[in-house]
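Chain order of the listed sequences is A and B. Residue numbering for the first sequence follows my numbering, beginning at 1 and increasing consecutively. Residue numbering for the second sequence follows my numbering, beginning at 340 and increasing consecutively.
2 protein chains.
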Amino acid sequence: MSSTQKTYRVAILGATGLVGRTMLDILEERRFPVSDIVPLASARSAGREISFKGRTYIMQEPSKEVFADVDIALFSAGSGASREWASVAASQGAVVIDNSSAFRMDPDVPLVVPEVNPGAIFREDGRPAMIIANPNCSTIQMVVVLKPLHERYHIRRVIVSTYQSVTGKGKAGRDALESELAGEKQESFTHVHQIAYNAVPHIDVFQENGYTKEEMKMVNETRKIMGDDAISVSPTTVRIPVYGGHGEALNIEFDDDFDIDEVRRLLASSPGIAVQDDPSQDLYPMPLTAYEKDEVFVGRLRRDYWHPKTLNMWIVADNLRKGAATNAVQIAEQLVGRL
Amino acid sequence: MSSTQKTYRVAILGATGLVGRTMLDILEERRFPVSDIVPLASARSAGREISFKGRTYIMQEPSKEVFADVDIALFSAGSGASREWASVAASQGAVVIDNSSAFRMDPDVPLVVPEVNPGAIFREDGRPAMIIANPNCSTIQMVVVLKPLHERYHIRRVIVSTYQSVTGKGKAGRDALESELAGEKQESFTHVHQIAYNAVPHIDVFQENGYTKEEMKMVNETRKIMGDDAISVSPTTVRIPVYGGHGEALNIEFDDDFDIDEVRRLLASSPGIAVQDDPSQDLYPMPLTAYEKDEVFVGRLRRDYWHPKTLNMWIVADNLRKGAATNAVQIAEQLVGRL
């Protein structure tokens, strides 16, 4: 790139959170063309310093004025803050990439995983949508893997069981596990129940249909991102005492039959995927090895011998990275040269 | 029962292991009519004392002679020990209830879960088989739940993802997790890889077909216990850092349609099952709450809205109890009055 490359003013709402801090790390790692950052946080954290690329910034509270010169605003401060500030930022000319669930199912808001549907970011006139939603972590890693398989074999049905990291609840989630493991008494359970030495089949709130909101995100967001309402996802989401990423056991039924070696090659050559599948070397994806990586790791690839045209696999991705911050920054990368 | 009730001499092979010790606890808890016990262990542990119902016993090494007056022998010392001693004990007149995988798929050996197929214990002449196999832990808890559903709706297909306790590897498995959490360096990984803060999709050894032996046990043992080779089980088994029991996410497709309230009532009234299914009270099965209990806990009961006649659920049971020791003692209870 030339030295005259355009650079962007990037706001981060929720800069003190685990995802917000990871967003800053990833902007730097991926050499995103940042002119400067505008770190935003609640009144509690405003005034504190934060460093980025060797410069020190002071955290501010969000306001209409603060978004005036912002090109791209990465939001990760929860649905309430997103509902309050997204349209304000957009009205000031900032493109908002929102990590909350506030706008994901809004038909006017694109829900984007760059490996899957990057084109959804842009309107017919070539301009980007002013609010772009970043999907739920469990959904992102799944659709990265489903996309090439759907194009080749056409997916009919997915049954998924998740093994989700405590960092899905941010720093509070991580701290809860640590203090529980240290034997400290918890007044309230961040993960609904104690998570140390436990597995809790309850992420986000229960809906009337018996599924949790986390589960219904996997059902609905997958259809929207894949652009195919015929794909059915039947999920069970479970929190377990790990940090490094979310695991998912997937059983995928296709319309067309497949060859397992072709599946392996197809996935290995698809963007954002790293195949780790050598049982003879005890190699398969794990949260410990996916930690701080950007890929979706795929392994345990094997035919479901008990049902036709059906595949079993196990995938893991770092939920703070590809499941949140990396995906948001990858969306921002699509905007480079288009703003 | 009258004071003249017949009592039995019960040998425990592997009395120092987690399952062996739990067997002793459960014999006592359930007031099994024991005259005395014969605790057996390897040369390393022989000579050590063990207490049972207030009496002290000396551990012995197994030998032909030691089985001479034994009525029932509970084996839990691994497949090698079972292969070496089961036929010896049987030839001495002891009925062997074997917790290893050595004889499970032997067509001459019944594989028994008392809630499912108690009749398989006995031959046509009314005498019990001299070797009776106790199934794999993951299989036992699943078939307890599948049995009443199969009778009512006829099961076609089960997709199962497991969340398995470290105690599946006995004391070594528990100690590995504790020392890893304490930050102690492990020379060898009991769970193939570090298990603290991890999820390892690898239990027992890999087979040529890409499934692990643990997974194939769920496939094959389920058919044998249920007495129906048409039931297909498609499994992914995963070790996670919990103690209290194994979790399983089940997706079950039936031939006949069901009513979800009827399913709940059917399970609640079936032996060995405790329904814990009240999302409004954050009530569902968990390893922490299943610990040291004998039931299979069932919850998260909900229709798979994306596939006809299909049910999702989440079950947990203490793998050392119903998954091993309790089931073995329940088999022994079937023998009372029949030896």
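Every residue, glycine too, gets a C-beta built ideally from N, C-alpha and C.
Residues of chain A with a CB under 7 Å from the CB of residue i: which are they?
i, result
"B/I498", "I159, N251"
"B/S573", "N251, D304, W306, H307, N312"
"B/L520", "L181"
For a contact defined as C-beta to C-beta under 7 Å, what are the partners of residue i on chain B?
i, result
"A/N198", "V581, M625, P626, L627"
Give me the chain A residues within the contact set of residue i, using Cβ-Cβ distance strictly less than 8 Å, ordered along the chain.
i, result
"B/D600", "The premise fails here: B/D600 is roughly 12 Å from chain A at the closest Cβ pair, so nothing lies under 8 Å."
"B/Y502", "Y163, A199, V238, I240"
To the nearest angstrom, report how far apart residue i and residue j are at their CA atoms.
i, j, result
"A/R321", "B/L640", "32 Å"
"A/L267", "A/Y57", "41 Å"
"B/L488", "A/T289", "39 Å"
"A/V336", "B/I479", "56 Å"
"A/V96", "B/P540", "38 Å"
"B/Q503", "B/M555", "15 Å"
"B/E634", "A/D278", "37 Å"
"B/G638", "A/L177", "24 Å"
"B/F391", "B/D375", "9 Å"
"B/A671", "B/A569", "29 Å"
"B/Y644", "A/M142", "20 Å"
"A/N99", "B/G584", "35 Å"
"A/V275", "A/L311", "15 Å"
"A/E208", "A/S138", "21 Å"
"A/K224", "B/E490", "39 Å"
For chain B, find out if any of its Cβ atoms is closer than 8 Å to the Cβ of residue i; answer yes or no.
i, result
"A/V296", "no"
"A/F206", "yes"
"A/V192", "yes"
"A/R300", "yes"
"A/G210", "yes"
"A/Y153", "no"
"A/F254", "no"
Closer than 7 Å by C-beta to residue i: which residues in its own chain qualify, once you throw out the five before and the five after it? Chain order, please.
i, result
"B/A511", "T529"
"B/I389", "A354, P378, Y396, M398"
"A/V34", "T7, Y8, V10, L27"
"B/A385", "M398, Q399, E400"
"B/G359", "I351, G353, S415"
For residue i, is the beta carbon positioned less than 7 Å from some heavy atom of the ligand GDP?
i, result
"B/P540", "Because no ligand of any kind appears in the structure shown, any question about the ligand GDP cannot be addressed here."
Please return the same chain residues whose Cβ sits closer than 8 Å to the Cβ of residue i, not counting the five positions on each side in sequence.
i, result
"B/V405", "A350, V377, L379, Q399"
"B/V668", "M362, I365, L366, R369, F371, L413"
"B/D596", "Y492, P647, K648"
"B/T506", "L357, G512, R513, Y582, N658, L659"
Would you say residue i reaches chain A, if we count a Cβ-Cβ gap shorter than 8 Å as a contact?
i, result
"B/P474", "no"
"B/L605", "no"
"B/G586", "yes"
"B/V577", "yes"
"B/P618", "yes"
Suppose the cutoff is 6 Å on Cβ atoms and the five residues either side in sequence are ignored; what does the same chain contact list for residue i look like?
i, result
"B/G509", "G356, L357"
"B/F461", "P467"
"B/K486", "V455"
"B/R496", "S571, E592"
"B/S500", "T575, A588"
"B/F442", "V448, I470, A472"
"A/A199", "V238, I240"
"A/P271", "E115"
"B/F545", "T551"
"B/K403", "V427"
"B/L622", "Q615"
Name, please, each residue of chain B whose Cβ falls closer than 8 Å to the Cβ of residue i.
i, result
"A/H202", "P618, D621, Y623"
Which ranges does the alpha helix (DSSP H) cover as unbroken runs of at least 4 residues, wholly within the segment 36-114 of chain A, from first to last along the chain? 78-91
Residue ranges of each alpha helix (DSSP H) within the segment 597-657 of chain B, 4 or longer: 599-607, 626-629
My parser needs the beta strand (DSSP E) runs of 3 or more residues fully inside the segment 224-261 of chain A; what are they? 232-236, 246-254
My parser needs the beta strand (DSSP E) runs of 3 or more residues fully inside the segment 107-173 of chain A; what are they? 131-133, 155-163
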